Amino acid sequence: FYKNTFTETTISNSINNGFATGQSNNIGGFVGSVIDNNNTAITTSNSINNGNVTNSGSCVGGFVGFISSNTNITMTISNSINNVIAILSGSGAGGFTGSIFSNVNMTMIVSNSTNNGNINGNDMVGGFSGNIESAPETRIISPEIKNSANKGNVSAKTGTACGLFCVKSNNNVNVKTTVKNSINEGSVKADKSAYGITNIITVARNVVSMGDVTSPCSFTFWDASTDVNLFYGFDGKFINCCDGATLFQYNSTTGFYEVVETGEHVDDLLND
């Protein structure tokens, strides 16, 4: 998608079974790149990516590789699944989007969706989105993940990996991130920094982190946060946890995940 104005594009009830491979940048299972569009809406629903996505360059996504320099853009992904591996040698790999950079007024909502694929790269690698960053002139960028799950393993050979998405730590002006009713079950491993959910979060509610998080600098949930509540971590896997986190464990006798000490069922608490 390049230099469109006032367009609405829909991908629905679709399946990709073919491999997407490149030696440069911007490779996606459905869309390679979305660049320099104005007043654009892209909607993906009830779709599945079954084809591996690999690239010797940067920006690889199970659905979209690269989203950059757009003005007033809305991207919605719902009831969709990425089942396959995403691999790149550079930066920006994600189960749904690879890299989001320098957009003006962007809203992205991923809902009722699951990543089952293992996501591998050098830096800024995430279960849903690998890299989210802004520029000085950028207005609000609002990525939101709700009612969704990452079940794939995420790894970064030289930099940062996140269970759901990574935000560029030195380039995040006006990036407002939200996670609600979502879970990371996959392991997160990185050479420098690893986060069970994300490195920078604005709003979080009903968030569960269950995967192993391994790196020299590891966080079960996130590092920087603004407004977070109701987040749950698996007993024995708590690393650098924020105040307010609830610890739970699996009770093999009852078959429930239960809060340590109180025995409350985590599913009841989340439903409430």
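Note that the numbering used here has the sequence shown beginning at -3, numbered continuously upward.
Backbone N, C-alpha and C fix where the C-beta goes; we use that ideal spot for every residue, glycine too.
For clarity, every value in this text was computed on a predicted model and none was experimentally measured.
- Nearest to Ser74 by C-alpha distance, out of Gly18, Lys142 and Gly57, is Lys142.
- Judged by their CB atoms, Gly91 and Lys147 are not nearer to each other than the 7 Å cut-off.
- Of the other Cβ atoms in all chains shown, fewer than 16 fall within 10 Å of the Cβ of Val256; this residue is therefore exposed.
- Contact between Asn112 and Asn78 holds, since their C-beta atoms are separated by about 7 Å, short of 8 Å.
- One Cα belongs to Phe97, the other to Asp32, and the distance between them is close to 11 Å.
- The Cβ neighbour count for Ser221, taken over all protein chains shown within 10 Å, is at least 16; the residue is labelled buried.
- If you ignore the 5 residues before and after Ala145, its C-beta comes within less than 7 Å of the C-beta of Thr110, Ser178, Ile179 and Glu181, all in its own chain and listed in chain order.
- In the structure shown, Leu226 adopts extended strand secondary structure according to DSSP, grouped into three states.
- The C-beta of Phe2 has fewer than 16 other C-beta atoms within 10 Å across all chains shown, which makes the residue exposed.
- Residue burial is scored here from C-beta neighbours: Lys(-1) has fewer than 16 other C-beta atoms within 10 angstroms and is therefore classed as exposed.
- The stretch 45 to 57 makes contact with the stretch 8 to 19: 3 or more CB pairs, one atom from each, lie closer than 8 Å.
- DSSP places Val256 outside both helix and strand once states are collapsed to three, so it counts as coil.
- About 18 Å separates the beta carbon of Glu129 from that of Asn68, a gap too long to meet the 8 Å contact definition.
- Between the beta-carbon of Val203 and that of Thr174 there is about 10 Å, and that puts the pair past the 8 Å contact cut.
- Counting only runs of 3+ residues, the beta strand (DSSP E) found wholly inside the stretch 157 to 203 occupies 161 to 163, 174 to 180, 184 to 186 and 189 to 191, in chain order.
- Counting along the chain, Val106 sits inside the beta strand (DSSP E) bounded by residues Val100 to Ser107.
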